[in-house]
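Per the working numbering, residue 777 is the first one in the sequence shown, and the count goes up by one each step.
A short write-up of the structure that comes next.
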Amino acid sequence: MKLSEMKLRLVLLSLLVVGLFSCGTSKTSETKSNIKEENDAKNRGQISLLTRLRQQPGIVLKNGVPVVNKAANTVSSFGNSEPLYVLNGQIIGNSFARIDQIVDNFNVKKIKVIAGPETSYYGSQGAKGVIEITTYQ
Numbered sequence: 777m778k779l780s781e782m783k784l785r786l787v788l789l790s791l792l793v794v795g796l797f798s799c800g801t802s803k804t805s806e807t808k809s810n811i812k813e814e815n816d817a818k819n820r821g822q823i824s825l826l827t828r829l830r831q832q833p834g835i836v837l838k839n840g841v842p843v844v845n846k847a848a849n850t851v852s853s854f855g856n857s858e859p860l861y862v863l864n865g866q867i868i869g870n871s872f873a874r875i876d877q878i879v880d881n882f883n884v885k886k887i888k889v890i891a892g893p894e895t896s897y898y899g900s901q902g903a904k905g906v907i908e909i910t911t912y913q
């Protein structure tokens, strides 16, 4: 075997070894992720729906009720300013009190706040914004 062939094989072998070792997963990131998920699952039922909604970007409280904060909302200060609530794809209405009675805090999986042109999917009902709530089923 020539010296150049041996060098080439040695370089290829070292690249293969380095490539194999770099494909491993980090146990620390998995552990941290698992701990966060466990803590979220433990605290899930202790956090009220109102608190969860307040933690969402774009939500403010107006008279103790969550409201989507957007410039279009300020046109009229009269009437109902509550957003449309959608639970697991079903339109519930514009009443936080009603959605709060229906939703079990422990089963909330995801909350999505929709504002702007994306609310046109819900027609005039979504004019004040839409809050989509997904639960574990």
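Each residue gets a CB set at the ideal place from its N, CA and C atoms; glycine is no exception.
Tell me whether residue i sits in a helix, a strand or coil according to DSSP, three-state version.
| i | result |
| --- | --- |
| V787 | helix |
| E908 | strand |
| V862 | strand |
| I878 | helix |
| S805 | For S805, the predicted structure reports a pLDDT of 49, less than 50, and the residue's modelled location is therefore unreliable. A value from the coordinates is still provided. If DSSP states are grouped into helix, strand and coil, S805 belongs with the helices. |
| S900 | helix |
For residue i and residue j, what's the separation of their Cα atoms in angstroms?
| i | j | result |
| --- | --- | --- |
| I875 | L792 | 57 Å |
| L837 | S857 | 11 Å |
| N881 | S824 | 6 Å |
| I868 | V794 | 56 Å |
| L826 | L863 | 15 Å |
| Y897 | N839 | 27 Å |
| R828 | R785 | 59 Å |
| P859 | V884 | 18 Å |
Given that a residue counts as buried once 16 or more other Cβ atoms are within 10 Å of its Cβ, and exposed if not, what is residue i?
| i | result |
| --- | --- |
| Y912 | exposed |
| S805 | With a pLDDT of only 49 at S805, under 50, the local geometry of the prediction cannot be trusted, and the value read off the model is given with reservation. So S805 counts as exposed. |
| V787 | exposed |
| K904 | buried |
| L779 | exposed |
| P770 | Any question about residue 770 goes unanswered here, given that the chain covers just 777 to 913. |
| P842 | buried |
| A873 | exposed |
| G899 | exposed |
| G902 | buried |
Tell me, which residues are paired with residue i by DSSP?
| i | result |
| --- | --- |
| G840 | G840 is not bridged to any residue. |
| Y869 | The residue you asked about is not Tyr; residue 869 is Gly in the sequence shown. Looking at the DSSP assignment, G869 forms a beta bridge with Y861. |
| V884 | T911 |
| V889 | I907 |
| I835 | V844 |
Would you say the beta carbon of residue i comes nearer than 7 Å to a heavy atom of the ligand PLP?
| i | result |
| --- | --- |
| K783 | The ligand content of the structure shown is nil, which means the ligand PLP is not present either. |
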